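Trainee: Just passing along the structure, written as structure tokens.
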Ligand SMILES: Nc1ncnc2c1ncn2[C@@H]1O[C@H](COP(=O)(O)OP(=O)(O)O)[C@@H](O)[C@H]1O
Ligand SMILES: [Mg+2]
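Chains as they are written, first to last, in this note's numbering: chain V, 1 to 316; chain L, 317 to 539.
Structure representation (structure tokens):
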């Protein structure tokens, strides 16, 4: 019985020797439970942060795409285009085009020819039907800046060519913009939440480490270690572990994001190249992803510093 | 008298509701040696903890190494603590560190170069007869050996004030004699020393001024 105990003790001592700490590990920080758990928790948070970041950036790109794309366009329909305009010796179509060209906030005006319109409608109506149809003329307009003063322009066009329709796609744009902003707000809220949870995880792990090594911490405090000395050791450890966790979580998120990017590419104006090793992620996302492990490291450092100093403050 | 390393003036200590020390006034000059005597529960350990800056007095004035501890900022205390060595009654060795690393701790905290640490720690461990055991962890050492490691750690950076709480408790006669020789040597070199004990034999064999406590009060204090 005693022999067994002695043997166990010797084995423990051998293990302890093998684990002989390096110079900087006077407090035995390498042996904490927190060490095992904390990086995984931080990795999970980094993974979620990667997704949130991608969401925010994709929503921004999506909304930009819509504002510059269909959103920026007006469609003007002019019925009976060849008839004479009411206020000028021109055809109704020419008069509408001229008025649009003269209006502010308009970059480009493009009147679709009769043939072009027929071609657009052919799939629905068949070539025979489009022959004799009294088709309205369609004018595609690209806006620039804040766009034209819509109400004024519409009134002007209708005076010159009664029956003209102006479709500004404004409703859609507003809805898309609202959606994009909601997604962005949600993503930022999620980033804040995930950051808070990560800070809480580091705090809990650090406090557990302090309690577990209470005697050692009190001893080095008694030997004249400053709060900064002690905090530095815990913070160094927390920084490394949080960085590793952040790196791991971001690395796991990469293939997920690549998959999503491939699916989303057509929507946000990118080009999915199936032969590429990875679909092109936006530059902002790459920068954001690269920053995540660094932010994790900084968070680990700051949180551990604050936690340790707060724990030591009541000591004389 | 102004050069006292330890000076207490009407010091009291409350721990919770308990009045552990009351009206303690005494002064110990530089290089002085004091036995701290009294029955168990008299307050010897508590007084040493005050002198080690583990506790602050609830009342009165405490001056250590020429500094008024009550007026000193918290940030000033670590510097003071590095000049005070303590041999704890329960040793307080760090279990995950070897004897060598335990003794080296104060030097590493002070930022000494590793080469000097190797030499100094080797020397002091040889002095306490543990050179061959320096890679052992506390769990592999006997009580007496652990106590010697604790003593080596307390004196490694030549403290100005050395405090020891029952340091001969786990030592045999020969080891206790060696310890007293070491303490005598340090005292001659200018270290102020306070040793709490209830070992009458060793006190009788090494007569020195004493501070005597009973029930938290000062019974007598030799000049
Ligand atoms: N942390 C503490 N909490 C409660 N009581 C304490 C504490 N420290 C000391 N005491 C009390 O103070 C008295 C003196 O204790 P101590 O200083 O350990 O005496 P000694 O070392 O002379 O045996 C004892 O009655 C003890 O119970
Ligand atoms: Mg005691």
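Beta carbons: idealized from backbone N, C-alpha and C, even for Gly. Only a predicted model underlies this, so the values are computations on that prediction, with no experimental measurement involved.
Whole angstroms are fine: how far does the CA of residue 39 of chain V sit from the CA of residue 433 of chain L?
Mentor: Going by the C-alpha atoms only, they are around 35 Å apart.
Trainee: Say whether chain C places a C-beta atom closer than 7 Å to the C-beta of residue 223 of chain V.
Mentor: Here chain C cannot be found, since the structure's protein chains are V and L.
Trainee: According to the Cβ coordinates, are residue 477 of chain L and residue 321 of chain L closer than 7 Å?
Mentor: In this structure, residue 321 of chain L lies closer than 7 Å to residue 477 of chain L by Cβ.
Trainee: Does DSSP put residue 239 of chain V in a helix, a strand or coil?
Mentor: Helix.
Trainee: What's the C-alpha gap between residue 485 of chain L and residue 388 of chain L?
Mentor: About 34 Å.
Trainee: Say yes only if the C-beta of residue 358 of chain L is nearer than 6 Å to one or more non-hydrogen atoms of ligand 1, and no if none qualify.
Mentor: It does: the Cβ of residue 358 of chain L is within 6 Å (strictly closer) of some heavy atom of ligand 1.
Trainee: Closer than 6 Å to a non-hydrogen atom of ligand 2 - does that hold for the CB of residue 484 of chain L?
Mentor: Flag unset: Cβ of residue 484 of chain L not near ligand 2.
Trainee: Using a Cβ-Cβ distance cut-off of 7 Å, determine whether residue 314 of chain V contacts chain L.
Mentor: Not one chain L Cβ lies under 7 Å of residue 314 of chain V.
Trainee: Tell me which same chain residues have a C-beta within less than 6 Å of the C-beta of residue 167 of chain V, skipping the five on either side of it?
Mentor: Closer than 6 Å at the Cβ level, and outside the excluded window around residue 167 of chain V, lie 75.
Trainee: Could you pull the DSSP bridge partners for residue 119 of chain V from this structure?
Mentor: Residue 119 of chain V pairs with nothing; no bridge assigned.
Trainee: Hey, could you find the ends of the beta strand (DSSP E) residue 375 of chain L is sitting in?
Mentor: Unbroken beta strand (DSSP E) run through residue 375 of chain L: 375 to 380.
Trainee: Name, in chain order, the residues that DSSP records as bridge partners for residue 327 of chain L.
Mentor: Per DSSP, L:340.
Trainee: Run through chain V and tell me which residues come within less than 8 Å of residue 370 of chain L, C-beta to C-beta.
Mentor: Under the 8 Å cutoff, chain V gives 222, 316.
Trainee: Between the C-alpha atoms of residue 377 of chain L and residue 367 of chain L, what's the straight-line distance to the nearest angstrom?
Mentor: Approximately 12 Å, taken between the alpha carbons.
Trainee: Is any heavy atom in ligand 1 found nearer than 6 Å to the beta carbon of residue 334 of chain L?
Mentor: For ligand 1, at least one heavy atom lies less than 6 Å from the Cβ of residue 334 of chain L.
Trainee: For a test of the three-state rule: what should DSSP assign to residue 322 of chain L, helix, strand or coil?
Mentor: It is a strand residue.
Trainee: Give the DSSP-derived three-state secondary structure of residue 387 of chain L in the structure shown.
Mentor: In this structure, residue 387 of chain L counts as coil in the three-state DSSP scheme.
Trainee: If you draw a straight line from the alpha carbon of residue 410 of chain L to that of residue 352 of chain L, how long is it in whole angstroms?
Mentor: Rounded to whole angstroms, residue 410 of chain L to residue 352 of chain L spans 27 Å at the Cα level.
Trainee: At a cut-off of 6 Å, would you count residue 362 of chain L as near ligand 1, judging by its Cβ distance to the nearest heavy atom?
Mentor: Yes; taking the cut-off as 6 Å, the Cβ of residue 362 of chain L has a heavy atom of ligand 1 nearer than that.
Trainee: Less than 7 Å between C-beta atoms, sequence neighbours within five positions excluded: which residues of the same chain meet that for residue 99 of chain V?
Mentor: If we look at residue 99 of chain V and ignore the five residues flanking it on each side, its Cβ neighbours are 156, 157, 160.
Trainee: Closer than 6 Å to a non-hydrogen atom of ligand 1 - does that hold for the CB of residue 403 of chain L?
Mentor: Flag unset: Cβ of residue 403 of chain L not near ligand 1.
Trainee: Considering only heavy atoms of ligand 1, does any lie closer than 6 Å to the CB of residue 511 of chain L?
Mentor: Incorrect: residue 511 of chain L has no Cβ contact closer than 6 Å to ligand 1.
Trainee: Rounding to the nearest angstrom, what Cα-Cα distance links residue 309 of chain V and residue 303 of chain V in this structure?
Mentor: About 10 Å.
Trainee: Is it buried or exposed, residue 22 of chain V, if we count other Cβ atoms within 10 angstroms and call 16 or more buried?
Mentor: Any reading at residue 22 of chain V needs caution, since the residue's pLDDT is 42, under 50, leaving its predicted position unreliable; the model's value is listed next. With fewer than 16 other Cβ atoms within 10 Å, it is exposed.
Trainee: Distance check for residue 300 of chain V and residue 497 of chain L, CA to CA, integer angstroms please.
Mentor: Near 50 Å, if we compare the C-alpha coordinates of residue 300 of chain V and residue 497 of chain L.
Trainee: Could you have a look at residue 444 of chain L and say whether DSSP puts it in helix, strand or coil?
Mentor: Looking at residue 444 of chain L - three-state DSSP - the assignment turns out to be coil, as it is neither helix nor strand.
Trainee: Below 8 Å between beta carbons is the criterion; list the residues of the region 413 to 425 of chain L that meet it against any residue of chain V, in chain order.
Mentor: Hits within the stretch, in order: 413, 414, 417, 421, 422, 424, 425.
Trainee: Under 8 Å by Cβ, that's how I've got residue 517 of chain L and residue 482 of chain L pegged, so tell me the actual separation to the nearest angstrom.
Mentor: That pair is no contact at about 13 Å.
Trainee: Specify whether the region 233 to 247 of chain V and the region 414 to 422 of chain L touch according to this definition: at least 3 beta carbon pairs, one from each stretch, less than 8 Å apart.
Mentor: Counting Cβ pairs under 8 Å, fewer than three are found: no touch.
Trainee: Is residue 224 of chain V closer than 7 Å to residue 425 of chain L when the C-beta atoms are compared?
Mentor: Contact: yes.
Trainee: Is residue 322 of chain L near ligand 1, going by C-beta to nearest heavy atom under 6 Å?
Mentor: Not so, every heavy atom of ligand 1 lies at least 6 Å from the Cβ.
Trainee: Can you name the residues that DSSP bridges to residue 402 of chain L?
Mentor: Residue 402 of chain L pairs with L:479.
Trainee: For chain L, is any of its Cβ atoms less than 7 Å away from the one on residue 319 of chain V?
Mentor: Residue 319 of chain V lies beyond the residue range present for chain V, which begins at 1 and ends at 316; the question has no answer from this structure.
Trainee: Nearest CA to the CA of residue 186 of chain V: which residue from V:36, V:58, V:154, V:7?
Mentor: When each option's Cα is compared against that of residue 186 of chain V, the closest is V:58.
Trainee: What I want to know is whether the C-beta of residue 331 of chain L ends up closer than 6 Å to one or more non-hydrogen atoms of ligand 1.
Mentor: Indeed, a heavy atom of ligand 1 lies less than 6 Å from the Cβ.
Trainee: Using CA atoms only, rank isn't needed, just tell me which of L:509, L:536, L:521 is closest to residue 344 of chain L.
Mentor: With distances taken between Cα atoms, residue 344 of chain L lies closest to L:509.
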